[in-house]
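Have a look at the structure below before the remarks.
Residue numbers (the UniProt record's numbering): 1 to 214.
If you want it as C-alpha cells, here you go:
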C-alpha cells in the first residue's frame with residue numbers, strides 16, 4: 001500500500017509543479033499587463049495636458065509609451081483615455097481627502113460647496129479638456145468611474161453632510177439629490193462654456209432647499 005501511495009504522489013507531483021508554474025507565469029503576465037495599461041493612461045494624460053485633446057493621437061500615445069497602437073486601443077480609444085484621466089484626477093482628490101483628519105461640519109450648505117470645490121478647481125485648471133470631458137459624458141457611450149465607485153464616494157460624503165442638517169431617513173435621498181444636481185450643473189456649465197466655478201453657487205442653492213428641516 002505504501003508503494004502504491006508513493007506512486008500516486010509521484011505521479012501527481014509534476015502536475016502540481018506545473019500548476020504552480022502556470023499560476024506564477026499568469027500572475028507575472030497580469031502584472032506586466034497592468035503596468036503597461038498604467039503607462040499608457042499616464043502617457044495619454046501627459047499628452048492631453050501638454051498638447052491638447054485634439055492634437056493627441058493614438059499613434060502619438062503609442063510612440064510616447066513605447067507600445068503598439070493595438071496595445072493602446074486595447075486599453076481604450078481617445079474618449080475612454082480622457083475619461084480615465086479625469087477618473088485618476090478625481091480619485092486622487094478623494095484619496096487625499098480620505099487620508100485627512102475629518103473636519104467638523106459647521107454650515108451644511110457651505111460644506112456641500114467645499115466638498116466639490118477641489119473638483120471645480122480641477123476643471124477650471126483644464127478648461128479645454130474639461131469641455132471635451134463634459135461632451136463625452138453627455139454622449140454616454142463610455143463607462144466611467146464618475147458613475148461608479150467615485151459616485152458612491154461623493155454621495156457618501158454628501159450623506160454625511162446631510163445627516164448633520166437632518167439626522168433622519170431622508171438623508172440618503174438628500175445626498176442623491178445633491179449628487180445629481182451637481183452632475184447636472186457641471187454638464188450645463190461644460191456645454192455652455194461657462195466657468196465651472198459657478199457650479200458651487202448653484203449646488204449650494206440646491207443644498208439650501210434639500211437640507212431644510214422645516
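Glycine residues also receive a C-beta, built at the ideal position from the N, C-alpha and C atoms. Note that the coordinates shown come from a computational prediction; the quantities given were computed from them, not determined experimentally.
* So what does DSSP say about residue 137, is it helix, strand or coil? -> Counting from 1 along the chain shown, the entry for residue 137 is found at position 137. Reduced to three states, the DSSP call for residue 137 is helix.
* Report yes if the CB atom of residue 144 is closer than 8 Å to the CB atom of residue 186, and no otherwise. => Sequence index remark: in the chain shown, residue 144 carries index 144 (1-based). Sequence index remark: in the chain shown, residue 186 carries index 186 (1-based). No, these two residues do not count as a Cβ contact at 8 Å.
* Which class does residue 122 belong to by DSSP, given the choice of helix, strand or coil? -> Your numbering for residue 122 matches position 122 in the chain shown. Assignment of residue 122 by DSSP, reduced to helix, strand and coil, places it in the helix class.
* Would you grab the beta carbon distance between residue 162 and residue 211 for me? Rounded to a whole angstrom, and I think it's under 8 Å. => Here residue 162 is taken as the residue at index 162 of the chain shown, counted from 1. Here residue 211 is taken as the residue at index 211 of the chain shown, counted from 1. The C-beta distance from residue 162 to residue 211 rounds to 6 Å, short enough to fall under 8 Å.
* To do: Keeping to the same chain, check which residues put their C-beta closer than 6 Å to that of residue 45; ignore five residues upstream and five downstream.
  => In the chain shown, residue 45 corresponds to position 45, counting from 1. Non-local C-beta neighbours of residue 45 in its own chain, meaning closer than 6 Å and more than five positions away in sequence, comprise 85, ordered along the chain.
* Mark residue 169 as exposed unless 16 or more other C-beta atoms lie within 10 angstroms of its C-beta, in which case mark it buried. => Numbered from its first residue, the chain shown carries residue 169 at position 169. With fewer than 16 other CB atoms across the displayed protein chains lying within 10 angstroms of its CB, residue 169 is exposed.
* To do: Decide if residue 130 is buried, meaning its Cβ has at least 16 other Cβ atoms within 10 Å, or exposed.
  => As a working mapping, residue 130 is identified with position 130 in the chain shown. Burial is judged here by how many other beta carbons sit within 10 angstroms of a residue's own beta carbon; residue 130 has at least 16 and is buried.
* Taking all protein chains shown into account, do 16 or more other C-beta atoms lie within 10 angstroms of the C-beta of residue 6, making it buried, or fewer, making it exposed? -> Here the question's residue 6 lines up with position 6 in the chain shown. Model confidence at residue 6 stands at a pLDDT of 42, short of 50, so the residue's coordinates are unreliable and nothing is read from them.
* In chain order, what residues of the same chain have a beta carbon less than 7 Å from the beta carbon of residue 123, not counting five sequence neighbours either side? -> Locating residue 123 in the chain shown gives position 123, where the first residue counts as 1. If we look at residue 123 and ignore the five residues flanking it on each side, its Cβ neighbours are 130 and 196.
* Under three-state DSSP, which class holds residue 69? -> Against the chain shown, residue 69 aligns to sequence position 69. In the three-state reduction of the DSSP assignment, residue 69 falls in the helix class.
* To do: Could you tell me the distance, in whole angstroms, from the CA atom of residue 209 to the CA atom of residue 165?
  => Position 209 of the chain shown, counted from the first residue, corresponds to residue 209. Position 165 of the chain shown, counted from the first residue, corresponds to residue 165. The alpha-carbon of residue 209 is positioned some 11 Å away from that of residue 165.
* Asked: Which residues bound the alpha helix (DSSP H) around residue 87?
  -> Counted from its first residue, the chain shown places residue 87 at position 87. Where residue 87 is concerned, the enclosing alpha helix (DSSP H) stretches over 78–99.
* Could you round the C-beta distance between residue 200 and residue 117 to whole angstroms and report it? I think they count as a contact, below 8 Å. => As a first step, residue 200 must be located in the chain shown, where it is residue number 200. As a first step, residue 117 must be located in the chain shown, where it is residue number 117. 6 Å between Cβ atoms; contact.
* To do: Report the rounded CA-to-CA distance for residue 27 versus residue 36, giving the unit in angstroms.
  => Sequence index remark: in the chain shown, residue 27 carries index 27 (1-based). Sequence index remark: in the chain shown, residue 36 carries index 36 (1-based). Pairing residue 27 with residue 36, the inter-Cα distance amounts to about 14 Å.
* To do: Would you kindly work out how many angstroms separate the C-alpha atoms of residue 173 and residue 90, rounded to a whole number?
  => In the chain shown, counting from the first residue as 1, residue 173 sits at position 173. In the chain shown, counting from the first residue as 1, residue 90 sits at position 90. Distance between the alpha carbons of residue 173 and residue 90 is about 23 Å.
* Asked: Between the C-alpha atoms of residue 57 and residue 73, what's the straight-line distance to the nearest angstrom?
  -> By 1-based counting over the chain shown, the position of residue 57 is 57. By 1-based counting over the chain shown, the position of residue 73 is 73. Each residue's Cα considered, the two are about 11 Å apart.
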